[in-house]
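If you read the sequence shown in this note's numbering, its first letter stands for residue 126, the second for the next number, and so on.
Note that CB positions come from ideal geometry on N, CA and C, so glycine has one too.
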Amino acid sequence: DPAGDAVALAMELAGIKDSSVVFMDRPTPSYTAILDENGDVVAAIADMALYELALPKQLRRRKVRDAISSANAIFCDANLPPEGLKRLAELAGSLPIFALAISPAKSLRLRPVFPELACLFMNRREALALSDLEQDASLTQIHAALRDQGLRSAIITNGGNAALAFNSDNVFTIQPPEVPGIADVTGAGDAVAGGTIAALMRGEPFEQACREGMAASLLTLQVHSASPKFSQHEFDQALACIPAAIPLA
Numbered sequence: 126d127p128a129g130d131a132v133a134l135a136m137e138l139a140g141i142k143d144s145s146v147v148f149m150d151r152p153t154p155s156y157t158a159i160l161d162e163n164g165d166v167v168a169a170i171a172d173m174a175l176y177e178l179a180l181p182k183q184l185r186r187r188k189v190r191d192a193i194s195s196a197n198a199i200f201c202d203a204n205l206p207p208e209g210l211k212r213l214a215e216l217a218g219s220l221p222i223f224a225l226a227i228s229p230a231k232s233l234r235l236r237p238v239f240p241e242l243a244c245l246f247m248n249r250r251e252a253l254a255l256s257d258l259e260q261d262a263s264l265t266q267i268h269a270a271l272r273d274q275g276l277r278s279a280i281i282t283n284g285g286n287a288a289l290a291f292n293s294d295n296v297f298t299i300q301p302p303e304v305p306g307i308a309d310v311t312g313a314g315d316a317v318a319g320g321t322i323a324a325l326m327r328g329e330p331f332e333q334a335c336r337e338g339m340a341a342s343l344l345t346l347q348v349h350s351a352s353p354k355f356s357q358h359e360f361d362q363a364l365a366c367i368p369a370a371i372p373l374a
């Protein structure tokens with residue numbers, strides 16, 4: 126399973142503790158995408174069947190439960206089956222849980238754990254699926270619908286249009302800057318989540334954390350890599366391009 130070997134090696138080189146297991150008769154999940162000349166996704170195929178089988182079992186292992194209990198926060202995504210998400214919320218206790226919606230269809234799995242999420246990251250299509258609204262719904266309507274379902278905090282991106290963000294204290298938009306020459310959109314949403322979570326765990330205010338997430342996404346869009354490397358100086362330059370938050374009217 127070359128894909129599994131590549132993932133294991135990348136984790137080792139990054140210094141990430143690997144608590145995964147090996148299934149002898151099933152391949153490592155994969156995602157294959159076709160991009161156009163602008164870096165946008167034309168079509169994609171995801172083979173994630175192993176997650177349905179493996180992750181609920183993983184959460185029953187003592188090694189994984191110990192890792193959760195010693196963590197400062199938990200990050201998950203909607204590739205977890207519903208029973209796995211529910212069990213993860215139970216194991217988390219008072220730990221903040223951050224989640225990524227993944228797709229309009231899979232995002233619905235997160236609804237039962239909305240009250241337990243510290244922040245949910247999604248795009249507009251996923252937000253519409255979760256809020257049961259039409260395509261022309263306003264940001265105010267989306268925010269109200271998600272809050273009514275018990276979601277306390279979220280960041281909703283919309284390509285080059287304004288992103289909507291809210292937590293228990295405020296709701297605002299941030300307009301992403303124009304990106305000169307998008308190389309690849311792959312990983313841009315992940316970068317928003319990663320940058321925001323890192324800032325929140327450092328104690329940054331929610332608005333500043335959102336801006337840092339969008340700065341990370343800006344850098345990701347400009348390279349052919351879902352996990353780009355950049356210097357502090359490059360990040361600071363990107364952050365300076367992200368405008369201040371504007372309260373949602």
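The DSSP-derived three-state label of S155 is strand. As summarised for the stretch 285 to 355, the continuous beta strand (DSSP E) elements at least 3 residues long and confined to that stretch are 286 to 291 and 296 to 299, given in chain order.
In this structure, the beta-carbon distance from L184 to L216 falls below 8 Å.
Rounded to whole angstroms, H268 and L258 show a C-alpha spacing of 11 Å. Counting the other Cβ atoms within 10 Å of the Cβ of M326 gives fewer than 16, which makes it exposed. The continuous alpha helix (DSSP H) containing A179 extends over residues A174 to Q183. Between S219 and R272, the alpha-carbon positions lie close to 21 Å from each other. Here P206 carries a coil assignment [DSSP, helix/strand/coil]. Here M247 carries a strand assignment [DSSP, helix/strand/coil]. Per the DSSP secondary-structure output, I280 pairs in a beta bridge with F246 and A290.
A374 sits in coil when the DSSP states are folded into three classes, being neither helix nor strand.
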